[in-house]
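1406 is the number of the first residue of the sequence shown in the working numbering; add one for each residue after it. We treat Cβ as the ideally placed atom computed from N, Cα and C, and that holds for glycine. One structure below.
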Amino acid sequence: MKTKEEITGNWLVRYTGQALEDFSPYILLTNFNNYVDLFCDYCGVPRAGYNHGMRVANGAGITMINFGMGSPNAALIMDLLSSVKPNACLFLGKCGSINDKAKVGDFILPLAAIRGEGTSNDYFPPEVPSLPGFILERAVSGVLRDAQTDYWTGSVYTTNRRVWEHDDKFKAYLRSTRASAVDMECATLFSVGFYNHIPVGALLLVSDNPMVPEGVKTKDSDDHVTKNYASFHVEMGVKSLQKIIYGSNTLKHLKIDL
């Protein structure tokens, strides 16, 4: 295999076990196997198996993929999806609140991501901003409004560092960025999606308040978030993509030449 298209097409099948022609042009992305289960239950399809590295399911005209955790996996899935050229990808992820306003269970609709992860530097110079697809975020906003659900907007800081909650210096730096939340994927998804001409958006669920010791995520607190908020998160994601699938708006993404 010599070309990027040959490699990514072969590897997408290898990682997911699904033929290229079976991928929908509309993709939901997640880090969590229970989100794949919730998606299957919501769409009324059998739950996906665990036979491959990336768990995948199809329902309601949408393909959902659990691509794993972290910036490198986020870059990988966006490169692999370039082989099927999706019309839209929406990431359903969790985040930690940085400011004192967003509480556990709140939604954050990121309007930009700060590239603190490093992976996106392999695709663009540091000064290139990481932005979601506008029409995707507008669709999510409309679905949340129709559900009479409030949400926060702002930037999200993406880091490749998983354990930092004990580091007061890093937490002070996070506050100085004026970001609303911290995660491990958004900046990479937005940047590498842009690189591959794939529109990408995100709807984040606040799962913890890691800036204070009592707010750091635990097994019990994560179980509470999953039980009380995950199902609605998935529902909002499905309805957001359906708004695009059945709506009149056409997604177009700017292309740039380096």
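Item                                                                                                                         : Value
Secondary structure of Thr-1413, DSSP reduced to three states                                                                : helix
Supposed close pair Thr-1563, Gly-1620 - CB separation, criterion 8 Å                                                        : With 8 Å as the limit, Thr-1563 and Gly-1620 do not qualify as a contact, their Cβ atoms being about 20 Å apart.
Identity of the residue in Ser-1487, Gly-1510, Glu-1570 nearest Gly-1414 by Cα                                               : Ser-1487
One or two residues paired with Pro-1515 in a DSSP bridge                                                                    : Gly-1559
Straight-line gap, Val-1561 to Val-1587 (C-alpha atoms, nearest Å)                                                           : 5 Å
Beta-carbon gap between Ser-1612 and Asp-1627 smaller than 8 Å                                                               : yes
Segment limits, alpha helix (DSSP H) that includes Tyr-1528                                                                  : Per DSSP, Tyr-1528 belongs to no alpha helix (DSSP H) and is neither H nor E.
Own chain residues within Cβ distance below 7 Å of Met-1616, not counting five before or after                               : Ile-1503, Lys-1576
Per-residue DSSP class, three states only, for Lys-1610                                                                      : Going by the sequence as given, residue 1610 is Leu instead of Lys. Looking at Leu-1610 - three-state DSSP - the assignment turns out to be strand.
Buried versus exposed call for Leu-1663 [16 or more other C-beta atoms within 10 Å across all chains shown]                  : Residue placement at Leu-1663 is flagged as unreliable, the pLDDT there being 37, under the threshold of 50; the coordinate-derived value follows with that caveat. Leu-1663 comes out exposed.
Cβ-based burial, Val-1605 [other Cβ within 10 Å; buried from 16]                                                             : buried
Leu-1663 - DSSP class collapsed to helix/strand/coil                                                                         : With a pLDDT of only 37 at Leu-1663, under 50, the local geometry of the prediction cannot be trusted, and no value is derived from it.
Pro-1525 and Thr-1468 closer than 8 Å at C-beta                                                                              : Note that residue 1525 is Ser in the sequence shown here, rather than Pro. No.
Beta bridge counterpart(s) of Ala-1586 as assigned by DSSP                                                                   : Ser-1502, Val-1561
DSSP state of Ser-1546 mapped onto helix, strand, coil                                                                       : helix
Neighbour-count burial assignment, Gly-1449, 16 or more Cβ in a 10 Å radius                                                  : exposed
C-alpha gap between Phe-1512 and Val-1639, whole angstroms                                                                   : 12 Å
Supposed close pair Phe-1595, Ala-1518 - CB separation, criterion 8 Å                                                        : 5 Å
Among Asp-1572, Leu-1608, Pro-1531, Asp-1551, nearest to Phe-1539 - alpha-carbon criterion                                   : Leu-1608
Straight-line Cα distance separating Gly-1559 from Leu-1371                                                                  : For the chain, the structure presents residues 1406 to 1663; residue 1371 sits outside this window and is missing.
Distance between beta carbons of Thr-1421 and Met-1459, contact taken as under 8 Å                                           : 5 Å
Cβ-based neighbour list, Thr-1631, same chain, cut-off 7 Å, excluding 5 preceding and 5 following                            : Asn-1439
Leu-1481 - containing alpha helix (DSSP H), residue span                                                                     : 1476 to 1486
Cut-off 7 Å between Cβ atoms - residues of its own chain near Ala-1544, not counting five sequence neighbours on either side : Ser-1645, Lys-1648, Ile-1649
Nonlocal neighbours in the same chain, by C-beta distance under 8 Å from Gly-1510, ignoring five residues either side        : Leu-1610, Val-1611, Val-1630, Asn-1633, Tyr-1634
Helix, strand or coil at Ser-1581 according to DSSP, with G and I counted as helix                                           : helix
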